[in-house]
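Residues -16 to -1, 1 to 403 (mature numbering (1 follows the signal peptide of the UniProt record, and there is no 0)) make up the sequence shown, in order.
Here the structure is laid out as structure tokens; the discussion comes afterwards.
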Amino acid sequence: MELIALCLIINSLCVASRLAVKPQMETSANTEAIGWNSWNTFKTNFNQSTIEDTASTLVSTGLARAGYNYVVLDEGWQALTRDSHGRQQPNATKFPSGISYLADYVHRLGLKLGIYSDAGIYDCGFYPGSYGFEEVDADTYATWGVDYLKYDNCGGFYANTVSPQERFLTMSYALKNTGRDIFYSLCQWGNQFPWFWADQFSDSYRMSGDIKSSFNSDSSGVCKTAYCLNTGYAGVSVLTMIRKMREISAFQAPGSWADMDMLEIGTGTMTEFEERTHFSFWAALKSPLIIGADITKISSTSLAILLNKEVIAISQDDAGIAPTFLPNISVEGSVQVWAGPLSSQNSKCVILALNYGNNSTDITIPWGQIPTLQNFKSAQLKIRDVWAEQNLKTTGMEIKLLNVSSHQTKLLVLSAIQR
Ligand SMILES: *[C@@H]1O[C@H](CO)[C@@H](O)[C@H](O)[C@H]1NC(C)=O
Ligand SMILES: *[C@@H]1O[C@H](CO)[C@@H](O)[C@H](O)[C@H]1NC(C)=O
Ligand SMILES: *[C@@H]1O[C@H](CO)[C@@H](O)[C@H](O)[C@H]1NC(C)=O
Ligand SMILES: *[C@@H]1O[C@H](CO)[C@@H](O)[C@H](O)[C@H]1NC(C)=O
Ligand SMILES: *[C@@H]1O[C@H](CO)[C@@H](O)[C@H](O)[C@H]1NC(C)=O
Ligand SMILES: *[C@@H]1O[C@H](CO)[C@@H](O)[C@H](O)[C@H]1NC(C)=O
């Protein structure tokens, strides 16, 4: 035990002095990253053509112009062994022109390239992880022109002696020391409650096990709250991911975003109301918005959801504050209401009213129950129903939403009327 403690102290002293010789870079993450990731649709079955086609489709569909500009290669880009210099290398069959070619390709389109590695000796699929090779790998990514690293936590055989925080910190320093601005996205599934510590060295962190392409059906072993740990391979439904954010949304802050995992919009398992609910919550709760669908085959309905400018504006709002769950005006099992402040365009707040019961229902939101509205009269505010693209009329001291369908979310933006 003593020996281990001493090693940790020496290690952190070395790391600290290495950092001190170089000024720290500005964080690259004033707003959340939005883009596309290969995992949800392709798992490890993707190649150079997949990435080229996706990048050009981001541009041709208008997704890039809307802000989706990171193209992230998840697990499966690597060869099974390092090269003779100890460097990670791509699978030469899948990526015959190499990764720097792909970085140039996406950069020419005005996009950014993301890559995947792992804080263990191996990653989840037994490709080489970066444990013990953090500087070599960070330098390799920087040389290739990579702009984003998703860093996983499988194969952590040293987990008992070197904590996840220590292993993730080592890569953080390695990335900063490259001198290249690389967005650092942690993926350790919320297991060590990263909302308490990940802000110290990453730009975003996953708050849960992997998402499942389902509105409300979880895999076995999934638990519903943030402080209960999943067992086995997680398969967390959209509704459960939202439930877990009740405990976490207050931690959202610029430069350290809780990542609710890739979007399942366009993967063919949800209705339009369900996909809109999914997008409303990911945007308002300030999760990074990372498309998981095959956008070369996506339906026009799903594409329109991803392109909704008013919803994206809520995600990218200057205040960077996520709404909180309001238990007093929610009904467990059927209605949940969330609200939080916005700063841009004189907006006062965003409200989400979700009917997650089986039947349509009316939802009444008393004015005095919305924390940011207590000093306003309804006549002083414009109430925008974002998905309906209409302004609502209110009477008196409440907002009444009629006939909200099962699994529908009413997304409202309230802003002061200019006089
Ligand atoms: C490399 O890619 C080829 C073609 O997709 C695949 O058959 C092979 O299994 C891959 N190798 C590794 C180590 O993933
Ligand atoms: C990528 O995979 C697709 C489908 O299997 C194939 O048609 C294409 O030729 C591959 N491209 C490369 C560069 O390997
Ligand atoms: C919510 O309800 C509880 C218990 O009824 C009450 O004590 C509390 O003041 C209420 N909160 C608000 C914001 O109205
Ligand atoms: C809603 O419907 C689902 C599936 O039909 C069922 O399992 C569930 O019990 C229903 N919930 C309520 C509150 O009726
Ligand atoms: C709720 O919807 C179900 C179908 O999903 C229907 O069978 C049931 O009668 C409805 N209940 C009410 C109270 O409308
Ligand atoms: C409620 O909304 C649904 C569509 O979401 C519509 O089919 C239905 O007619 C509406 N019912 C009422 C009473 O307005």
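Note that CB positions come from ideal geometry on N, CA and C, so glycine has one too.
Measuring CB to CB, does residue 95 end up less than 8 Å from residue 290? no
Consider the C-beta atom of residue 342 and the heavy atoms of ligand 4; say whether any pair is separated by less than 7 Å. The answer is yes for residue 342.
Residue 339 by DSSP, collapsed to three states: which one? strand
So, do the segment 322 to 342 and the segment 73 to 93 have three or more beta carbon pairs nearer to each other than 8 Å? no
Residue burial classification, residue 139 (beta-carbon count within 10 angstroms, cutoff 16): buried
Quick check on residue 291: does DSSP put it in helix, strand or coil? coil
Extent of the continuous beta strand (DSSP E) to which residue 400 belongs: 393 to 400
Just to confirm the assignment: which complete beta strand (DSSP E) runs, minimum length 3, are found wholly within the segment 103 to 164? 132 to 136
Taking 8 Å as the cut-off, decide whether the C-beta atoms of residue 337 and residue 319 are in contact. yes
Would you please state the rounded distance, in angstroms, between the beta carbons of residue 189 and residue 242? I believe it to be under 8 Å. 6 Å
Looking only at its own chain, which residues have a Cβ that is under 7 Å from the Cβ of residue 36, when we skip the five neighbours before and after it? 89
Assuming residue 368 is part of the beta strand (DSSP E), what are its boundary residues? Residue 368 -> beta strand (DSSP E) spans 365 to 369.
Between the segment 235 to 254 and the segment 17 to 26, do three or more beta carbon pairs fall short of 8 Å? The segment 235 to 254, when compared against the segment 17 to 26, does touch it at the 8 Å Cβ threshold.
Distance between residue 224 and residue 234 (C-alpha atoms, nearest Å): Here the C-alpha atom of residue 234 lies approximately 17 Å from the C-alpha atom of residue 224.
Which of the three DSSP states is assigned to residue 88 in this structure? helix
Quickly, what does DSSP pair residue 274 with across the bridge? List them, please. According to DSSP, which records beta bridges pairwise, residue 274 is partnered with 19.
For residue 285, count the other beta carbons within 10 Å of its own beta carbon; 16 or more makes it buried, fewer makes it exposed. Which is it? exposed
Excluding the five sequence neighbours on either side, which residues of its own chain have a C-beta within less than 7 Å of the C-beta of residue 11, listed in chain order? Low confidence applies here, because residue 11 scores a pLDDT of 36, under 50, leaving its location unreliable; read the following figure in that light. 187, 239.
Distance between beta carbons of residue 218 and residue 194, contact taken as under 8 Å: 5 Å
For the beta strand (DSSP E) containing residue 374, list its first residue and its last residue. 374 to 376
Can you name the start and end residues of the alpha helix (DSSP H) that residue 227 belongs to? 222 to 228
Which of helix, strand or coil does DSSP assign to residue 257? Residue state, collapsed to three classes: helix.
Can you list every residue whose CB sits closer than 6 Å to some heavy atom of ligand 2, going in chain order? 31, 32, 33, 78, 80
Report yes if the CB atom of residue 283 is closer than 8 Å to the CB atom of residue 343, and no otherwise. no
Can you say whether residue 294 is buried or exposed, counting buried as having 16 or more other CB atoms within 10 angstroms of its CB? exposed
Anyone know if the C-beta pair for residue 112 and residue 72 falls short of 8 Å? In contact: residue 112 and residue 72 (Cβ atoms closer than 8 Å).
Starting from residue 37, trace the alpha helix (DSSP H) both ways and give me its first and last residue. That run of the alpha helix (DSSP H) goes 32 to 44.
Inter-residue Cα distance where the pair is residue 13 and residue 51: Caution applies to residue 13, whose pLDDT of 45 falls short of 50 and renders its modelled position unreliable; the model cannot decide the point.
The beta strand (DSSP E) enclosing residue 49, as first and last residue numbers: Where residue 49 is concerned, there is no enclosing beta strand (DSSP E), although the alpha helix (DSSP H) it sits in stretches over 47 to 50.
Helix, strand or coil, according to DSSP, for residue -6 in the structure here? Reliability fails at residue -6, whose pLDDT of 35 lies under 50, so the model's placement of it is uncertain and no value is given.
Three CB pairs or more closer than 8 Å across the segment 356 to 363 and the segment 298 to 312: In short, these stretches do not touch, since the Cβ pair count stays below three.
Round the Cβ separation of residue 185 and residue 133 to the nearest angstrom and send it over; I've been treating them as touching at under 8 Å. In fact, because the Cβ distance is near 12 Å, the residues do not count as touching under 8 Å.
Should residue 317 be listed as close to ligand 4, given that the test is whether its C-beta is under 7 Å from any heavy atom? Checking every heavy atom of ligand 4 against the Cβ of residue 317, one is found closer than 7 Å.
Would you mind reading off the limits of the beta strand (DSSP E) that contains residue 194? Looking at the DSSP string, residue 194 is not in any beta strand (DSSP E), and its letter there is neither H nor E.
Assign residue 311 to buried or exposed, taking buried as 16 or more other Cβ atoms, counted over all protein chains shown, within 10 Å of its Cβ. exposed
Do residue 63 and ligand 1 come close, with the Cβ less than 7 Å from some heavy atom? yes
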